[in-house]
Each structure stands twice: as structure tokens, then as C-alpha cells.
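The numbering of the sequence shown is this note's numbering, which starts it at 330 and goes up by one. Even glycine gets a Cβ: it sits at the ideal position worked out from N, Cα and C.
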Amino acid sequence: MQHFSRTFLAASISTALFVPYTQAQTTLGDSVQEMPTIDQCLVSAEENDANAPIVVHSDRLQAINGDKAVYSGDVEVIQGKKKITADSVTLHQQEQVVVAEGNVTFNDGEVKASSSRVTNNMAQETFSLENTQYQFLCQQGRGEAAYIAKTGQAVYQLQDGSITSCPADDNAWRLVASSIDVDQNEETATFYNPRFEVMDVPIFYVPYLTLPIGNTRKTGFLFPSVSYGSSDGVEAEIPFYWNIAPNYDLTLTTLYMQQRGVKLDADFRYLTSQWGGGEIKGEYLPGDEKYREEDRWGYQYKHDGIIDQQWLVKLDYSKVSDIDYFRDLKSDLGNREDGQLVQEGKVAYRSNSWDASILVRDFQILLEDNNKPYRLLPQLEFNYYTPLWGRYVNFDVKGQLSHFNTQDKTKPNAVRAHIEPGLTVPLSTSWATWTTEARVLATYYQQELSKLEDPSLQAQLDEQVTRVIPEVRSHARIFLQRDAQIFDGFTQSLEPQIQYLYVPEEKQDNIYDYDTTLLQTDYYGLFRSRRYSGIDYISPANQISYGASTRFFDDEYKERLNISFGQIYYINKNNKFTSKKDASDSSTDTSNYSSWAIETDFNYDDYLFYHGGIQYDIDLNAMQLANSTLEYQFKDGFIQGNYRYVTREYIEDTISFEDLDTITRKGISQAGLVAAYEINPNWSASGQYYYDLTEEIDLEWMASLRYQSDCWYIGFTYTNQLVKWKNNVVGGDNNDPVYDTNISVNFGIQGFATKNRSYTAAKELEDADNSIVYGRPFYLNN
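Following this line, the structure appears as C-alpha cells:
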């Protein structure tokens, strides 16, 4: 009996059967070029697979009447990117249909499957699979089906099937339906009578469901998340995404809270070619069952746009139904610590030498007091700048016209006009800078005093005020560098700087504070020209600020250590005080020096980090303010200790409170410990603890444990937060702190129709709903 090459025999018979419909590749011996097995999504396949040559390999062949051929024994059928293997394959010549049976595997570059029977029309690119286990190669998804049919280009119909994003041998969850339509081009899956199962246990059922299965934006339901908390009970969140257009979309979320009811959220995003983009959010909870049966709502509109490269349009407007909204409800509009919501709009125009803008601004206050902030209705700004003598002398003008309005009868309304021309002489070399500027601050006030209920304030203020104050500032800085003497192999820089500032003293008690607050006087604030953020009070100055920074760089010029320290010398000692008072009111037993301000950052071998800052009062020989953070990082986590300290006197001098006792009795002295650890690729843990040393009480506890697999996650969180004191005053007898304790369990799906939640423990700390959040306050040049 003559023996033939298996490959040569298969190719010869294929040629006889399918010419002229197909042209098989024929070569003597075993040198036929075979298509490789495809186990990933092909991005460059033949445009028309039906015209690709067909190659069949088998151990045995039986031809019947020249109409069909039956292959058996380890059969392979290859056409373009498609490959079928089976125990037996029947080729129908006239119909160009392949029927494969017995241990069938199928792979067309878009889906691979194991089936009991496959029927494939090679000419029309349609097929059916029976009793199949499948996996999509171009998108996430695998599962089982009694019957799968490909009816069009990348369109699949599954009967009595299931789908999941979990990897093989992981049946943590799946969707089971009587019928599933999968369109890979549109990246959507449509389910009829689907039920959601966890570990093969049915959880919920809906009659109809459509989901996106790819990474592109597709209309459909996103996977729900379920959680439990002691505050609101069981929570279930079901989001629906509507891909309206390439530049518009809308997310609608239904949130069920066991103890409150059903909250509806909407998030609409848009992007235009001419006006920029924005976002509109809305939230509505009808009849909060836990909050006096009242409707609760909130909305936010943000827009940012640049028109014709010169016009700027900006809008930021938020409002909620009540002051406890963020403390009671999970919201995307703000945080539980927010004390106010901004409501403003701005239009600006800019050119090469000038810019102008109009701004309107209001606030919604979320605090339990009668403080009503000022509204700007409106504020006009104009700025002009031009060089006068090359790059040696510059001229600029800053102008502002503001209308302040409030419903608070203890505060006056006002119109303020301000103009501020200035000359600047900037000189610089590669090792030094010296900038000198002179300005004139001219301001006019028209104050409405008739509405005031306080006669003493009405008598103190003037209806019309004109104020003209000159300002002179000269600031010099030198950059020096050498090889470090203390640390071998390091480069050390020294950056001393000095500034002289002169502003004559002028009594300004007849002007109310409309938008002016005291700025923090840390090291970087020593060299400002203004002590206040606004212009209602121009503090007098006749002073010299001096300080220096030194930095240490390793051989890769990576900054490892910096130390900055400085101080102000008041030539006129009365200028040391920050309030609007006469020189005669000041104390005479203080020095001419400000507090020392010191800042330092340290990075040891990229695993030990430190940041610290202090302000030390030399008159009191005591610290006014201090903060310190030490963080140790290791391969799978970190641990951080931090401390903050502020005296009550410093708070009284810098921040205006009607009743400071509702915030603190003795100032701030708080210590905290934060840690996070990735136990393994699936498990992570994090926690934090803060303690108030002045009142000797806990401020906040948080502990979290999270499990995350490739297709689902579950998190357990415990929080215990100080929310208030029993009598709304800090400390004292029979006045206990009030805590909000919450235990929550959060469960969700990962995969198609969800965002990939590649959380780290540190990331979870940053996103946690805590009053004090994790941060990395390290400012080295890395």
C-alpha cells in the first residue's frame, strides 16, 4: 500500500473538492504553510475571509459522490484567521458548509469555543455552535450556551446561555439568560429574562437588560453595587449610561437606601467645539424617611470654555436643599466637611497687553449660624501691562470695580472702585534676581449705612471713603552651589533672600471688611507684599524680611533634603500687629521681630519621608503653629505618623469666629496614625486614627479590609467620627462628644460595564469618606 504525506493528501483532496470556489495551498511533503492558532483578538485580518484559501488536515478521508467529503482522525480546518479542530468534519461542496462533531474547538479571531457540534458556512461567514463553552477575544466575556449562532458580522446570538467577566475556573458571578444577543462591533450585549447569580445562587431577575461589554462608551446598564452600613442600612446602586452622542452623555443612577428611600442621581456631560465643555449634576431624594419626611435635593452646573483663544467663560453653581445634606447623604456634589457652596459665573477677555473680566459670585452657607456672606453683583476687573524700557522696566495697571451686597443687616452694602498702577524693575542673572517695584493703591468706597442695625458700627464707618496708599518693595535672591561638606557625594545649594517693604500707616477703621482675610505667615509668606488677601485693609509695613533655603542633591541631582528658615524685622514695631488699631493701642513690651518660620522636607533612600514646619514666637518663647509628618514606605504599603499644633491665640488673630468655643477651647493639638498594606494581590487593608490631645478624646477611627479579584470585589469598613459636642460647645462638665459610628460592607462587579477598580490601599484611603483624609505633603524636587 502506497503511503502519502498526511498534509499533502488533505490539501490535494481539498483542491479537488473546492476548485473553483477556493484555491488550496498545495506543496509536496509537510511544508504547507499553516495559519497559527489565534488566541487573541486580531486587529489586522483579511478583509474577506470567505475568499481565503481553505486547508484541511486529517488522518483519514472519505469522499462521497463528489458532493461531500468526510474527514476523521484529528481533523483541522483552517481558513484565514479561522481554525476548527474536531474528531470528524464533513465538507459539503456545493453549500461550502463545514460540519464538525466530537471534541470540537472553534476560533475565528473574535471568539474561541469548545462545542459538541459546529456548523460553519465558509462563504457567508456564519456559524452555529451547540453545547458550547466560549470566550470572546476582542472584549471581555466568557460563558456557556446550549446554542450559539453568528448571524452577521461580529453579531452572536446565544440561547440558554450565560456570560461573565471572571477568568476561567472562577464562577464568582454570572448573568444567565434565555437569550443573549452580543454585537461586538457595537460592544453591547442584550439579555432577555436575565438573572444575576453569585456562586450559582440567583440574586435578582429582570425581564430585559442591555450592557456595554467593551471599553468604548456604549448605552446600557452598568453593573450594580451593593453595600450595608449601620447608618442607612442596605444600599443598592444601579447606574444606567446613555451615550447620546460622541460629545454628550448621561448617567442615571438609582440608589436604594433601606432607611431613607430611593435617591435618583443624574450626571450630564457635554463638549462643544466653540463654547467648551461642562457638566450638570442633579440629585433628588423624595420624602427622606429618616429626615422628617422632607424632600432632599441638590444640583450643580459647571462649565469651562475658551472661545477664539481670547474669551474665557466659566460657571460653577451648586445648591442643596439643607445644611446637613452632605453629612447625611453620599453625594458627588460636595464633601461632608464643606462649609459652603460657591455660586459664580465669569466671563473674561485677554489680549497680549491687557485683560478684562466680569464676575458674579454668591455662596450657600452650610453652617448653623446667621452669617450671610457678601455677594458680588458684579465685580469688574481690568489689567494692563507693558514694558517701558526693554526688559528692564515694566509698567502695569490693576483695576477693579466691585458691588458687595448682603441680606445681613449687621453688614453694610458697598460699591468699591480700586486702581493700582505700578512700576517694576526686574534684574536677573544665572545666579541672582533682584526685583524692585513701586505701586500706588487708590481706592474709593460708597458704603450703604442706613440699613445697619448697630448704631456703633454705623457711627464708626463713613459713607464715602477715598484712600490712597503708596507701596515700595525690593526683593533680592542669590543662588549658590557647592559640593556638600557634611555629606560626601552630595551637592548643596544655598539660597539666601532679603526683602524690604514699605507701606505708610493710615487709619482705616472707617472701612468695613468685605472680602479681606489674613494670610498665613509661613516661611513662604514672609516675602509677600500683602498681609491680607483683599484690599479693604492695607496693613502698614516698614520691615525687612530675610531668610534662606539650603538643599541637598544626590549624584542624580535628586533633592533629598531642604531646610528653609526666615523672619521679619519690623523697623516700626507697631506694624507687627495685624488688626486695625492705632499705634497707641499696641503693646510696648514686645520685640521688633516676628516669629521664626521654619520648613523642612527630607527623603531618605526613597522609603523614609519627613515634612515639618513651625512658627516660633520669640516674644513668648513658645510655638504658635507646628506640623510634622513622618512616612515609612515599603514594598506593599506605608505607615505615616503626623501631628498638628495651633495655639488658640493664633486662631483668634487669623480667623474670625463669632464663638470660637464651638470649635476649640485650647487650640489644636492632634496626633494621627495612618497605615495601608497590600497583603497579597487580592487582599489589602488600611486604617487611620486621630486623637485630640487638648480634649483627650478620639477624633476619628477608620479601618478597612478589601478583597479584589479579576471580576469582583468586596470591602468591609468601620468608621467612628466625632461630629459634634452634646451642648454644641467644646468640652466642659456634663458635655460629652457625639460620634457617628458606621459599619459598611461594599460589594461590586469588575469587568465589562464597570470601571477597572485597580485600587491600592493608599488610593482607598484618599477616596474614603473621612473628615481627615490621607495626603502626602512632601515637596522635594523628585
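Cβ neighbours of residue i in the same chain (closer than 7 Å, five flanking residues each side left out)
{"i": "VAL372", "result": "Per-residue confidence for VAL372 stands at a pLDDT of 42, beneath the threshold of 50, marking its modelled position as unreliable; the derived number appears in the next sentence. Around VAL372: no qualifying Cβ."}
{"i": "GLY1060", "result": "ARG994, GLU1024"}
Residue i - containing beta strand (DSSP E), residue span
{"i": "LEU581", "result": "577 to 586"}
{"i": "ARG389", "result": "389 to 393"}
{"i": "ILE1184", "result": "As displayed, the chain neither begins before 330 nor continues past 1111, which places residue 1184 out of reach and without an answer."}
{"i": "ARG589", "result": "Neither: ARG589 is in no beta strand (DSSP E) and is coded neither H nor E."}
{"i": "GLY1077", "result": "1066 to 1078"}
{"i": "PHE967", "result": "966 to 975"}
{"i": "THR419", "result": "411 to 421"}
{"i": "MET451", "result": "Neither: MET451 is in no beta strand (DSSP E) and is coded neither H nor E."}
Residue interval of the alpha helix (DSSP H) (run including residue i)
{"i": "GLN787", "result": "784 to 789"}
{"i": "ASP657", "result": "654 to 657"}
Distance between residue j and residue i (C-alpha atoms, nearest Å)
{"i": "GLN354", "j": "ILE407", "result": "Unreliable positioning characterises GLN354 in this predicted model, as indicated by a pLDDT of 30, which lies under 50. The coordinate reading is nonetheless provided below. Cα-Cα distance, rounded: 11 Å."}
{"i": "ILE509", "j": "SER560", "result": "39 Å"}
{"i": "ILE1043", "j": "TYR534", "result": "21 Å"}
{"i": "GLU515", "j": "LYS659", "result": "33 Å"}
{"i": "ASP653", "j": "ALA746", "result": "38 Å"}
{"i": "ARG860", "j": "TYR866", "result": "9 Å"}
{"i": "ALA813", "j": "HIS632", "result": "51 Å"}
{"i": "ALA1117", "j": "SER731", "result": "A query on residue 1117 cannot be resolved here, the shown segment of the chain reaching from 330 to 1111 and no further."}
{"i": "LEU614", "j": "GLN629", "result": "16 Å"}
{"i": "TRP640", "j": "THR582", "result": "35 Å"}
{"i": "GLY1016", "j": "ASN460", "result": "49 Å"}
{"i": "ILE687", "j": "TYR714", "result": "19 Å"}
{"i": "TYR1036", "j": "TRP1012", "result": "5 Å"}
{"i": "LEU770", "j": "TYR703", "result": "23 Å"}
{"i": "ILE798", "j": "TYR646", "result": "36 Å"}
{"i": "ALA595", "j": "THR601", "result": "20 Å"}
Which of helix, strand or coil DSSP assigns to residue i
{"i": "LEU688", "result": "strand"}
{"i": "TYR620", "result": "coil"}
{"i": "ASN932", "result": "strand"}
{"i": "GLU1024", "result": "coil"}
{"i": "GLY854", "result": "helix"}
{"i": "ILE900", "result": "coil"}
{"i": "ILE694", "result": "strand"}
{"i": "ILE980", "result": "helix"}
{"i": "LEU781", "result": "coil"}
{"i": "LEU848", "result": "coil"}
{"i": "LYS675", "result": "strand"}
{"i": "LEU989", "result": "helix"}
{"i": "ASN1049", "result": "strand"}
{"i": "VAL726", "result": "strand"}
{"i": "LYS648", "result": "strand"}
Residue i classed as buried or exposed, judged by whether at least 16 other C-beta atoms fall within 10 angstroms
{"i": "THR850", "result": "buried"}
{"i": "ILE815", "result": "exposed"}
{"i": "SER878", "result": "buried"}
{"i": "GLY431", "result": "exposed"}
{"i": "PRO531", "result": "exposed"}
{"i": "ILE900", "result": "exposed"}
{"i": "LYS412", "result": "buried"}
{"i": "ASN932", "result": "buried"}
{"i": "MET528", "result": "exposed"}
{"i": "THR772", "result": "buried"}
{"i": "ARG880", "result": "buried"}
{"i": "PHE552", "result": "buried"}
{"i": "ALA926", "result": "buried"}
{"i": "LEU949", "result": "exposed"}
Residue i Cβ short of 7 Å to the ligand FAD heavy atom set
{"i": "THR519", "result": "The ligand FAD is not among the ligands present in this structure, which contains no ligands whatsoever."}
Contact set for residue i: own chain, Cβ-Cβ below 6 Å, skip 5 residues either direction
{"i": "VAL433", "result": "ALA415, SER444, VAL447"}
{"i": "ILE367", "result": "In this prediction, ILE367 scores a pLDDT of 39, lower than 50, which makes its location untrustworthy; no coordinate-derived value is stated."}
{"i": "THR1046", "result": "SER1033, SER1073"}
{"i": "ASN1075", "result": "SER556, GLY1044"}
{"i": "GLY668", "result": "LEU695, LEU696"}
{"i": "GLU608", "result": "ARG598, LYS631"}
Contacting residues, own chain, Cβ-Cβ under 8 Å from residue i (five flanking each side not counted)
{"i": "GLY616", "result": "GLY590, GLU622, GLU623, ASP624"}
{"i": "ASN921", "result": "TYR898, TYR899, ILE900, LYS902, LYS905"}
{"i": "PRO869", "result": "VAL832, PRO833, GLU834, GLU835, ASN901, ASN903, ASN904"}
{"i": "ARG889", "result": "PHE819, PHE881, PHE882, ASP883, PHE931, ASN932, TYR933, LEU1109"}
{"i": "LYS547", "result": "GLU515, GLU516, THR517, PRO541, TYR570, ASN572"}
8 Å Cβ cutoff, residue i in contact with chain C
{"i": "GLU1029", "result": "Of the chains in the structure shown, none is chain C; there is only one protein chain."}
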